[in-house]
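The structure appears right after this line, and notes come after that.
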Amino acid sequence: MEQKDTQYYDDFENNLLEKLLGQLTSLSVLEGTLLGSEDIDARWHDLAPEYMADAVPQLNTYPAAAIAWAGYVGMAVAHRWDEDWILYSTEPYADLLGPRGFDDMDEHIVQDILRLRLEGPEATRIEDVMRGLAQTAITTIRHEQIEGQTTQAFYVFARTARVMFRLGAAMELRRLGYRFEKVNMGPETPVV
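The numbering of the sequence shown is the numbering used here, which starts it at 624 and goes up by one.
Pasting the structure below:
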């Protein structure tokens, strides 16, 4: 891949991340900052190949699900990170799938990993937020006027999925009580 192509994908990813982070902030889901950890981000690299293999065939028929489910994967990984990272840091991708595989991954993650009641207000709110993020991502991709089923379309989708994963992780960390806080270390001690 040429450097100009890499720059295009980097810019696309950063712009999409900022746009969706702004959306989550306006919904009071996040507070303007992206919560995360290197452990969680690194996990996407392990899970992405299998996720992409499941999601890409869904793009034409169910584009919102193909995009949104990456956010649910991020939520699951963040939840596992908080719960017991030593146990779950190598959890197989297959454990994130529902009884119907990719089709009900979202419900499996919400009910069995996050331990929320599917019809409950928290699960409903997550579903609404993920749907909204996916729709904004789809609109953003369409504005790029990328020809479907091309290498460029694949890379833009891959970058979109990574953004959704990171945002899903941030949403779950926030739901678990994590926040960025300024720490006042007191007056600086002069070095002698």
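For every residue, glycine included, the Cβ atom is placed at its ideal position computed from N, Cα and C.
Exercise for the section: Reducing DSSP to helix, strand and coil, say where leucine 724 ends up. Expected result: The residue you call residue 724 lines up with position 101 of the sequence shown. The identity of residue 724 in the sequence shown is glycine, whereas the question assumes leucine. Strand, per DSSP.
Problem - Alpha-carbon spacing of threonine 812 relative to glycine 791, whole angstroms - result: Position 189 of the sequence shown, counting from 1, holds the residue named residue 812. Position 168 of the sequence shown, counting from 1, holds the residue named residue 791. Bear in mind that the predicted position of threonine 812 carries a pLDDT of just 46, short of 50, making it unreliable; the figure below should be weighed with that in mind. Cα to Cα, threonine 812 sits roughly 40 Å from glycine 791.
Exercise for the section: Could you give the DSSP three-state label for serine 649: helix, strand or coil? Expected result: On the sequence shown, position 26 is the one that residue 649 refers to. DSSP places serine 649 in helix when its eight states are reduced to three.
Exercise for the section: Taking all protein chains shown into account, decide if alanine 676 is buried (16 or more other Cβ within 10 angstroms of its Cβ) or exposed. Expected result: Within the sequence shown, the letter at position 53 stands for residue 676. So alanine 676 counts as exposed.
Handout entry: Environment of aspartate 729 [buried if 16+ CB atoms lie within 10 Å]
Key = Start at 1 with the first residue of the sequence shown, and residue 729 comes out as number 106. Flag for aspartate 729 reads buried.
Problem - methionine 753 beta carbon less than 9 Å from that of glycine 659 - result: As a first step, residue 659 must be located in the sequence shown, where it is residue number 36. As a first step, residue 753 must be located in the sequence shown, where it is residue number 130. Against a cut-off of 9 Å, the Cβ pair of methionine 753 and glycine 659 comes out as no contact.
Handout entry: Length of the line joining the Cα atoms of aspartate 718 and valine 700
Key = Start at 1 with the first residue of the sequence shown, and residue 718 comes out as number 95. Start at 1 with the first residue of the sequence shown, and residue 700 comes out as number 77. Aspartate 718 and valine 700: Cα-Cα distance of roughly 11 Å.
Problem - Extent of the continuous alpha helix (DSSP H) to which arginine 666 belongs - result: Position 43 of the sequence shown, counted from the first residue, corresponds to residue 666. Taken as a continuous stretch (DSSP letters only), the alpha helix (DSSP H) holding arginine 666 covers 661-678.
Exercise for the section: Let me know if histidine 702 comes out buried or exposed under the rule of 16 or more other beta-carbons within 10 Å of its beta-carbon. Expected result: In the sequence shown, the residue the question calls residue 702 occupies position 79. It counts as buried.
Handout entry: Same chain, Cβ closer than 6 Å to tyrosine 801, neighbours up to 5 away in sequence not counted
Key = As a first step, residue 801 must be located in the sequence shown, where it is residue number 178. Cβ neighbours of tyrosine 801 beyond the five flanking positions: Leu658.
Practice task
For glutamate 641, collect the residues of the same chain with a Cβ closer than 7 Å to its Cβ; drop the 5 residues on either side in sequence, then sort them by chain order.
Solution key: Residue mapping note: residue 641 aligns to position 18 of the sequence shown, counting from 1. None.
Handout entry: Alpha carbon of tyrosine 631 to alpha carbon of isoleucine 769, nearest angstrom
Key = What you label residue 631 is simply residue 8 of the sequence shown in a count that begins at 1. What you label residue 769 is simply residue 146 of the sequence shown in a count that begins at 1. If you draw a straight line from the Cα of tyrosine 631 to the Cα of isoleucine 769, it is about 12 Å long.
Handout entry: Of the residues Tyr778, Gln646, Leu682, the one placed nearest aspartate 726, counting alpha carbons only
Key = Taking the first residue of the sequence shown as position 1, residue 726 is located at position 103. Residue Leu682 is the option with its Cα nearest to aspartate 726.
Practice task
Could you name the residues of the same chain whose beta carbon sits closer than 6 Å to that of asparagine 803, not counting the 5 residues immediately before and after it, in chain order?
Solution key: Within the sequence shown, the letter at position 180 stands for residue 803. The sequence shown places phenylalanine at residue 803, rather than the asparagine named in the question. These residues qualify, in order along the chain: Thr656.
Handout entry: Reduced DSSP category for arginine 802 - H, G, I as helix; E, B as strand; rest coil
Key = In the sequence shown, counting from the first residue as 1, residue 802 sits at position 179. Coil at arginine 802, not helix or strand.
Exercise for the section: Count the other CB atoms, across all protein chains shown, that sit within 10 Å of the CB of leucine 650; report buried if there are 16 or more and exposed otherwise. Expected result: The residue you call residue 650 lines up with position 27 of the sequence shown. So leucine 650 counts as exposed.
Handout entry: Beta carbon of leucine 639 nearer than 9 Å to that of alanine 746
Key = Reading the sequence shown from its first residue, position 16 is the one you call residue 639. Reading the sequence shown from its first residue, position 123 is the one you call residue 746. No, the Cβ-Cβ distance between leucine 639 and alanine 746 is not below 9 Å.
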